[in-house]
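Undergrad:
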Amino acid sequence: MELAVTNATASPPLPASTAFPGRVPSTGLQIGVTSLYAFGIFGNLLALFILHRTRSSSNQKHGFMLRCLATNDCIALTGMLVQMFVSVCWPGTRNNVWSCRIRVLWRFFGLGSGCVAIVMAVERWLALTKPFFYQKVRTHNIITLDTPVAAAAARVYTVHPVIGENNPCISSPPHQTHIRFTRASL
Numbered sequence: 002m003e004l005a006v007t008n009a010t011a012s013p014p015l016p017a018s019t020a021f022p023g024r025v026p027s028t029g030l031q032i033g034v035t036s037l038y039a040f041g042i043f044g045n046l047l048a049l050f051i052l053h054r055t056r057s058s059s060n061q062k063h064g065f066m067l068r069c070l071a072t073n074d075c076i077a078l079t080g081m082l083v084q085m086f087v088s089v090c091w092p093g094t095r096n097n098v099w100s101c102r103i104r105v106l107w108r109f110f111g112l113g114s115g116c117v118a119i120v121m122a123v124e125r126w127l128a129l130t131k132p133f134f135y136q137k138v139r140t141h142n143i144i145t146l147d148t149p150v151a152a153a154a155a156r157v158y159t160v161h162p163v164i165g166e167n168n169p170c171i172s173s174p175p176h177q178t179h180i181r182f183t184r185a186s187l
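Residue numbers (the working numbering): 2 to 187.
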């Protein structure tokens, strides 16, 4: 006796036009999101300008970390804003594999900002709880080493899904469109 079972995961993928229903924002929402992106980019550029004008030798460590934080945020916000405009102006690029990969790149810069914030928090914690250790060991050179190590950890965390397990950019070979892994079928 043979059982007839249908496999729901073997169904054909959704067409590109219905793969992400409701993703086209209204004009008011688009203006609101664009203004928030512009405000964030302006704030980060202003912070970078102020940090450039007020360089002092006494706060090299803090200035370095703040410049890294503002630069990462500015790159991430600018990239996401440009990608949002490209996906709105050319809807065919929204389901592209490269669009997903570029989105992962912008997420890397966002996580890089989080790593810089963690390094800053550890610095403050050490300065408050172990001031003598902080003065002797935590130098500008150590901080310039800690920040890229934390950024490398963020890169591994961000890029690992693209090249390995839990790939958020699963592509269907005939059309090279990307499907979120929550909607993907094998």
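The beta carbon of each residue, even a glycine, is placed where N, CA and C say it ideally should be. Given the structure is predicted, the values throughout are model-derived calculations rather than measurements.
Less than 6 Å between C-beta atoms, sequence neighbours within five positions excluded: which residues of the same chain meet that for G41?
TA: L78
Undergrad: Are the beta-carbon atoms of C116 and A154 separated by less than 8 Å?
TA: Cβ atoms of C116 and A154: closer than 8 Å.
Undergrad: Between the alpha carbons of A122 and A128, how many angstroms are there, rounded?
TA: 10 Å
Undergrad: Rounded to whole angstroms, what's the CA-CA distance from A151 to N96? Just pull it up for me.
TA: 31 Å
Undergrad: May I ask you to verify whether the stretch 30-38 touches the stretch 55-65, counting CB pairs closer than 8 Å and requiring at least 3?
TA: no
Undergrad: Where do the N-terminal and C-terminal ends of the alpha helix (DSSP H) with P132 fall, by residue?
TA: Where P132 is concerned, the enclosing alpha helix (DSSP H) stretches over P132 to V138.
Undergrad: Which residues in the same chain as V87 place their Cβ atom closer than 7 Å to its Cβ, once the five residues preceding and following it in sequence are excluded?
TA: T94
Undergrad: With C75 and L46 assumed to form a contact (beta carbons below 8 Å), what rounded beta-carbon distance in angstroms separates them?
TA: 6 Å
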